[in-house]
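Chemist: Take a look at this one; I'll ask things after.
Number of protein chains: 2
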Amino acid sequence: MQASGFALNISAVERETGLSKDVLRMWERRYGFPEPGRDDNAERQYPLDQVAKLRIIKRLMDTGMRPGKLMQRSLTELNNLAESRSGPRREATTPALERDMLTLLTSHNATGLQHALANALMRQGVQRFVTETVAPLNRAVGDAWMRGDLQVFEEHLYAEQLQVALRTAINAFPRQPGVPKVLLTTFPGEHHGLGLLMVEALLVPEGAQCISLGTQTPIDDIHKAALAHKVNVVALSFSEAFPLRQAGEGLAALRRHLPGTVALWAGGEMTRRLRKSLPGVALMPALGDALAALKGRRTEADESLR
Amino acid sequence: MQASGFALNISAVERETGLSKDVLRMWERRYGFPEPGRDDNAERQYPLDQVAKLRIIKRLMDTGMRPGKLMQRSLTELNNLAESRSGPRREATTPALERDMLTLLTSHNATGLQHALANALMRQGVQRFVTETVAPLNRAVGDAWMRGDLQVFEEHLYAEQLQVALRTAINAFPRQPGVPKVLLTTFPGEHHGLGLLMVEALLVPEGAQCISLGTQTPIDDIHKAALAHKVNVVALSFSEAFPLRQAGEGLAALRRHLPGTVALWAGGEMTRRLRKSLPGVALMPALGDALAALKGRRTEADESLR
DNA sequence: TCAATTGATTGTCCTGGACATCATGCAAGC
DNA sequence: GCTTGCATGATGTCCAGGACAATCAATTGA
Chain A
1 MQASGFALNI SAVERETGLS KDVLRMWERR YGFPEPGRDD NAERQYPLDQ VAKLRIIKRL
61 MDTGMRPGKL MQRSLTELNN LAESRSGPRR EATTPALERD MLTLLTSHNA TGLQHALANA
121 LMRQGVQRFV TETVAPLNRA VGDAWMRGDL QVFEEHLYAE QLQVALRTAI NAFPRQPGVP
181 KVLLTTFPGE HHGLGLLMVE ALLVPEGAQC ISLGTQTPID DIHKAALAHK VNVVALSFSE
241 AFPLRQAGEG LAALRRHLPG TVALWAGGEM TRRLRKSLPG VALMPALGDA LAALKGRRTE
301 ADESLR
Chain B
307 MQASGFALNI SAVERETGLS KDVLRMWERR YGFPEPGRDD NAERQYPLDQ VAKLRIIKRL
367 MDTGMRPGKL MQRSLTELNN LAESRSGPRR EATTPALERD MLTLLTSHNA TGLQHALANA
427 LMRQGVQRFV TETVAPLNRA VGDAWMRGDL QVFEEHLYAE QLQVALRTAI NAFPRQPGVP
487 KVLLTTFPGE HHGLGLLMVE ALLVPEGAQC ISLGTQTPID DIHKAALAHK VNVVALSFSE
547 AFPLRQAGEG LAALRRHLPG TVALWAGGEM TRRLRKSLPG VALMPALGDA LAALKGRRTE
607 ADESLR
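Sequences listed follow chains A and B, in order. If you count by the numbering used here, then the first sequence holds residues 1 to 306, one letter each, in order. If you count by the numbering used here, then the second sequence holds residues 307 to 612, one letter each, in order.
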């Protein structure tokens with residue numbers, strides 16, 4: 001279902017899939033897919049099944065696959081590919097907690113999910129909750145979504161509920177001047193903000209003072225904010241789909257302009273795909289890395305005091 | 307400052323201003339502005355001052371002005387225009403509370419702002435806080451930003467702090483089955499989520515059960531979610547900049563597919579610009595409208611019981 | 001005074017071409 | 001055998017200029 005009822009125009013497809021108009025036209029020219037119909041005005045009309053296929057292709061490309069190989073395959077082939085790609089984790093080995101939460105999610109039991117999350121949070125404490133429950137759960141949700149087992153709105157609901165849980169946890173700590181002072185945000189184009197909350201939830205119990213700007217801060221505003229708030233660390237989060245090139249350029253520019261005394265941390269799924277290391281940028285592919293880096297700073301500072 | 311140090315390519319400008327590549331090129335062709343330089347590869351390089359001017363132009367257009375009139379004016383003329391346009395509200399008449407909070411914001415006192423918001427919230431109660439403090443404060447922040455008195459990162463910090471305050475307030479109410487059941491979200495392309503929180507903060511104290519999907523839910527997922535969660539109301543929020551056409555088309559499509567028993571509410575600044583009324587869609591240009599609509603439903607339900 | 005027609009404004013889409021960049025794979029050297 | 005470097009192919013992004021539909025504004029007619 002959509003505006004027209006059966007097909008989307010190129011703008012709508014761009015919005016839904018995240019593939020630019022240029023890319024959509026180029027793929028059509030080069031690979032023969034997608035092959036939208038045309039309306040009275042000779043404008044492209046993308047049938048919904050093609051949009052669905054585009055969505056899977058995008059998802060697979062975000063994990064590193066090349067489009068040329070994917071384009072010809074059928075929807076079912078792609079689904080199999082996605083399934084095998086979603087890791088060696090098999091149904092049987094999925095921890096019960098994650099399975100339960102996914103069940104709550106797909107049965108649209110918002111209240112139940114909320115309770116389950118709050119429950120786990122209270123049982124484990126913030127930091128263990130984040131590393132041991134949220135991180136694997138995110139992965140499970142991502143896999144389910146890639147397999148097509150999860151609707152978009154279900155994923156949205158998950159993100160929202162998780163946000164509630166994490167913010168509650170963070171709020172339980174008094175907001176006080178702390179060390180180090182960390183600025184949290186994402187680059188323009190990165191909508192995904194859960195990573196920021198997760199990092200904040202890890203750092204705040206350690207006494208760090210976190211200032212979050214939410215998502216999508218222009219690079220020179222990140223710079224200005226870092227100076228204005230006199231932070232010690234600028235921490236950025238990148239989801240898997242973020243364009244490597246944009247990240248590299250942005251991080252380099254930011255590093256060039258920030259004072260040397262300000263550390264620059266880059267975390268999130270994307271950082272696993274980065275080949276070359278960036279001078280002056282601390283890459284943190286795993287969540288715990290941020291915690292380790294924080295403790296590293298502490299030790300350093302202690303030693304320099306002696 | 308940016309990746310190159312002094313100029314942005316067309317993609318970056320698109321991201322920063324929200325103006326599509328097509329529009330940027332068309333304006334250059336038609337109006338002679340912007341007029342970017344070219345790099346070695348003959349690709350457009352937009353100087354930062356032109357980007358700043360584009361940002362103001364976009365902002366003014368979002369309030370209803372036409373580009374043809376704006377394009378030739380100088381940056382200072384535009385600033386004056388923005389200032390006069392930002393309402394009859396003069397410095398002197400700005401309530402003290404708003405002035406104080408703006409001061410906290412521009413002096414980068416995150417903690418102070420947090421306390422001020424929490425303070426106002428506790429003093430007024432959630433609903434009055436939203437209608438009497440947050441709404442005017444939003445307007446003041448919007449005006450300040452339009453006048454160029456506010457940096458992007460300051461606006462981000464404001465949004466984040468407000469989100470913390472509102473979520474805390476909402477969380478104070480038990481999440482329980484309630485009537486009516488309201489689904490809250492925004493259309494794809496609408497990033498602004500504060501409106502959703504504000505509405506939620508108004509409705510929850512009345513015993514409504516709110517399910518928020520966050521921002522940017524594809525239209526057919528809104529539809530699916532409404533059915534899956536068996537909601538009575540679907541409430542959508544649109545910021546001032548949202549394209550009228552997209553909103554109209556989307557609302558019509560959604561109305562067409564939702565069962566007649568499900569009410570469709572559209573709120574936010576954009577709805578003030580809508581000329582024609584949409585059949586079956588309740589427009590709520592003012593915040594309080596949602597509350598009134600809720601109470602209206604109640605009365606109706608009561609009367610039908612008799 | 002209001003409504004309808006008309007003309008200008010404005011955004012979006014189209015085609016087809018060019019090119020920088022990155023990956024892949026092969027060959028040469030250690 | 002393994003690594004390094006280069007060539008070739010794959011891929012995304014940009015460009016120019018044209019077309020047209022939708023909307024706005026203004027003039028004309030009732």
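For glycine and all other residues, C-beta sits at the position ideal for the given N, C-alpha and C. Values in this document were obtained by computation on a predicted structure and should not be read as measured data.
Considering only DSSP beta bridges, list what residue 185 of chain A is partnered with.
Modeler: Along the first sequence, read from residue 1 onward, the residue named residue 185 of chain A stands at position 185. Residue 185 of chain A is bridged to A:236.
Chemist: Within 7 Å of any Cβ in chain B, is that where the Cβ of residue 15 of chain A sits?
Modeler: In the first sequence, counting from the first residue as 1, residue 15 of chain A sits at position 15. Yes, residue 15 of chain A counts as interfacial toward chain B.
Chemist: May I have a chain-ordered list of the alpha helix (DSSP H) segments no shorter than 4 residues that lie completely inside the segment 113 to 172 of chain A?
Modeler: Entirely contained in the segment 113 to 172 of chain A, the alpha helix (DSSP H) runs reaching 4 residues are, in chain order, 135 to 147 and 152 to 171.
Chemist: Identify which residue in A:196, A:159, A:183 and A:173 has its Cα closest to the Cα of residue 517 of chain B.
Modeler: As a first step, residue 517 of chain B is located in the second sequence; it is residue number 211 there, counting from the start. Comparing Cα-Cα distances from residue 517 of chain B to each of A:196, A:159, A:183 and A:173, the minimum goes to A:159.
Chemist: Determine the DSSP secondary structure at residue 367 of chain B, reduced to helix, strand or coil.
Modeler: Locating residue 367 of chain B in the second sequence gives position 61, counting from the first residue. Helix.
Chemist: Judging by CA-CA distance, which residue of A:266, A:54 and A:112 is the nearest neighbour of residue 146 of chain A?
Modeler: Along the first sequence, one-based indexing puts residue 146 of chain A at 146. Checked all of A:266, A:54 and A:112; the closest Cα to residue 146 of chain A is A:54.
Chemist: Beta-carbon of residue 519 of chain B versus every beta-carbon of chain A: anything under 7 Å?
Modeler: Along the second sequence, one-based indexing puts residue 519 of chain B at 213. Yes, contact with chain A.
Chemist: When the Cβ atoms of the segment 343 to 361 of chain B are set against those of the segment 417 to 436 of chain B, are three or more pairs found closer than 8 Å?
Modeler: At 8 Å Cβ cutoff, the stretches do not touch.
Chemist: Taking the DSSP output, what are the residues bridged to residue 314 of chain B?
Modeler: Mapped onto the second sequence, residue 314 of chain B falls at position 8. Bridge partners of residue 314 of chain B: B:352.
Chemist: Under three-state DSSP, which class holds residue 75 of chain A?
Modeler: Position 75 of the first sequence, counted from the start, is the residue given in the question as residue 75 of chain A. DSSP places residue 75 of chain A in helix when its eight states are reduced to three.
Chemist: Three or more C-beta pairs closer than 8 Å, one from the segment 561 to 574 of chain B and one from the segment 538 to 546 of chain B: is that the case here?
Modeler: Output reads yes: the segment 538 to 546 of chain B touches the segment 561 to 574 of chain B.
Chemist: Beta-carbon of residue 409 of chain B versus every beta-carbon of chain A: anything under 7 Å?
Modeler: The residue given as residue 409 of chain B occupies position 103 in the second sequence. No, its Cβ sits nowhere closer than 7 Å to a Cβ of chain A.
Chemist: Tell me which residues share the same chain as residue 89 of chain A and place their Cβ nearer than 6 Å to its Cβ, disregarding the 5 neighbours each side in the sequence.
Modeler: Indexing the first sequence from 1 puts residue 89 of chain A at position 89. Note that residue 89 of chain A has pLDDT 49, beneath the 50 cutoff, so the model's placement of it is unreliable and the number below is only indicative. Excluding sequence neighbours, residue 89 of chain A sits near nothing in its chain.
Chemist: Do residue 153 of chain A and residue 446 of chain B have their beta-carbon atoms positioned less than 7 Å apart in this structure?
Modeler: The count along the second sequence starts at 1 and reaches residue 446 of chain B at position 140. The count along the first sequence starts at 1 and reaches residue 153 of chain A at position 153. No, the pair does not count as a contact, with Cβ atoms beyond the cut-off.
Chemist: Which residue comes first and which comes last in the alpha helix (DSSP H) that contains residue 500 of chain B?
Modeler: One-based indexing of the second sequence puts residue 500 of chain B at position 194. Run containing residue 500 of chain B: 500 to 509, per the alpha helix (DSSP H) assignment.
Chemist: Is the beta carbon of residue 251 of chain A closer than 7 Å to that of residue 281 of chain A?
Modeler: Position 281 of the first sequence, counted from the start, is the residue given in the question as residue 281 of chain A. Position 251 of the first sequence, counted from the start, is the residue given in the question as residue 251 of chain A. Yes.
Chemist: Indicate the three-state DSSP secondary structure (helix, strand or coil) for residue 484 of chain B in the structure shown.
Modeler: Within the second sequence, residue 484 of chain B is the residue found at index 178, counting from 1. In this structure, residue 484 of chain B counts as coil in the three-state DSSP scheme.
Chemist: Which of the three DSSP states is assigned to residue 390 of chain B in this structure?
Modeler: For the purposes of this step, residue 390 of chain B is taken as residue 84 along the second sequence, with counting starting at 1. Three-state result, residue 390 of chain B: helix.
Chemist: Look at the alpha carbon of residue 498 of chain B and the alpha carbon of residue 457 of chain B, and state the distance between them as a whole number of angstroms.
Modeler: In the second sequence, the residue the question calls residue 498 of chain B occupies position 192. In the second sequence, the residue the question calls residue 457 of chain B occupies position 151. Rounded to the nearest angstrom, the two C-alpha atoms are 17 Å apart.
Chemist: Exposed or buried, what is residue 155 of chain A when buried is set at 16 or more other beta-carbons lying within 10 Å of its beta-carbon?
Modeler: As a first step, residue 155 of chain A is located in the first sequence; it is residue number 155 there, counting from the start. With 16 or more Cβ atoms within 10 Å of its Cβ, residue 155 of chain A is classed as buried.
Chemist: Using CA coordinates, which residue listed in B:341, B:337 and B:335 is at the minimum distance from residue 315 of chain B?
Modeler: Within the second sequence, the letter at position 9 stands for residue 315 of chain B. When each option's Cα is compared against that of residue 315 of chain B, the closest is B:341.
Chemist: If you follow the alpha helix (DSSP H) that residue 225 of chain A is in, where does it begin and where does it stop?
Modeler: By 1-based counting over the first sequence, the position of residue 225 of chain A is 225. Where residue 225 of chain A is concerned, the enclosing alpha helix (DSSP H) stretches over 219 to 228.
Chemist: List, in chain order, every chain B residue whose beta-carbon is nearer than 7 Å to that of residue 218 of chain A.
Modeler: Here the question's residue 218 of chain A lines up with position 218 in the first sequence. Going along chain B in sequence order, the residues near residue 218 of chain A (Cβ under 7 Å) are 322 and 458.
Chemist: For residue 481 of chain B, which residues in chain A fall below 7 Å Cβ to Cβ?
Modeler: Locating residue 481 of chain B in the second sequence gives position 175, counting from the first residue. Going along chain A in sequence order, the residues near residue 481 of chain B (Cβ under 7 Å) are 111 and 114.
Chemist: Is the segment 163 to 176 of chain A in contact with the segment 199 to 213 of chain A, if contact means three or more CB pairs nearer than 8 Å?
Modeler: Touching, yes, given that three or more Cβ pairs across the two stretches are closer than 8 Å.
Chemist: Measure the C-alpha to C-alpha separation of residue 277 of chain A and residue 312 of chain B and round it to an integer number of angstroms.
Modeler: For the purposes of this step, residue 277 of chain A is taken as residue 277 along the first sequence, with counting starting at 1. For the purposes of this step, residue 312 of chain B is taken as residue 6 along the second sequence, with counting starting at 1. Residue 277 of chain A and residue 312 of chain B: Cα-Cα distance of roughly 25 Å.
Chemist: Alpha helix (DSSP H) containing residue 332 of chain B: first to last residue?
Modeler: For the purposes of this step, residue 332 of chain B is identified with residue 26 of the second sequence, where counting begins at 1. Residues 327 to 337.
Chemist: Report the residues of the segment 324 to 341 of chain B with a CB closer than 7 Å to any CB of chain A, ordered along the chain.
Modeler: The residues in question: there are none.
Chemist: Helix, strand or coil for residue 396 of chain B per DSSP?
Modeler: Here residue 396 of chain B refers to the residue found at position 90 when the second sequence is read from its first residue. Here the model assigns residue 396 of chain B a pLDDT of 48, short of 50, so the residue's position is not dependable, and the following value carries that caveat. Residue 396 of chain B: coil per DSSP, three-state reduction.
Chemist: Could you tell me which of A:289, A:203 and A:83 sits nearest to residue 169 of chain A, measuring between CA atoms?
Modeler: The residue labelled residue 169 of chain A in the question sits at position 169 within the first sequence. Measuring from the Cα of residue 169 of chain A, the nearest candidate turns out to be A:203.
Chemist: For residue 552 of chain B, which of helix, strand or coil comes out of DSSP?
Modeler: The count along the second sequence starts at 1 and reaches residue 552 of chain B at position 246. Residue 552 of chain B falls in the helix class under three-state DSSP.
Chemist: Please list, in chain order, the chain A residues whose beta carbon lies closer than 9 Å to that of residue 494 of chain B.
Modeler: On the second sequence, position 188 is the one that residue 494 of chain B refers to. Correct list: 12, 15 and 16.
Chemist: For a cutoff of 7 Å on Cβ pairs, would you count residue 90 of chain A as touching chain B?
Modeler: As a first step, residue 90 of chain A is located in the first sequence; it is residue number 90 there, counting from the start. Because the pLDDT at residue 90 of chain A is just 48, under 50, the model does not fix this residue reliably, and the point stays unresolved.
Chemist: Buried or exposed: where does residue 296 of chain A fall if 16 or more other Cβ atoms within 10 Å of its Cβ makes it buried?
Modeler: Taking the first sequence and counting its residues from 1, one reaches residue 296 of chain A at position 296. By the neighbour-count rule (16 or more Cβ atoms within 10 Å), residue 296 of chain A is not buried but exposed.
Chemist: Could you check where the alpha helix (DSSP H) with residue 407 of chain B kicks off and where it finishes?
Modeler: One-based indexing of the second sequence puts residue 407 of chain B at position 101. Note, residue 407 of chain B: alpha helix (DSSP H), 402 to 412.
Chemist: If you measure from the beta carbon of residue 167 of chain A to each beta carbon in chain B, is any gap under 7 Å?
Modeler: Start at 1 with the first residue of the first sequence, and residue 167 of chain A comes out as number 167. True, the Cβ-Cβ gap to chain B drops below 7 Å.
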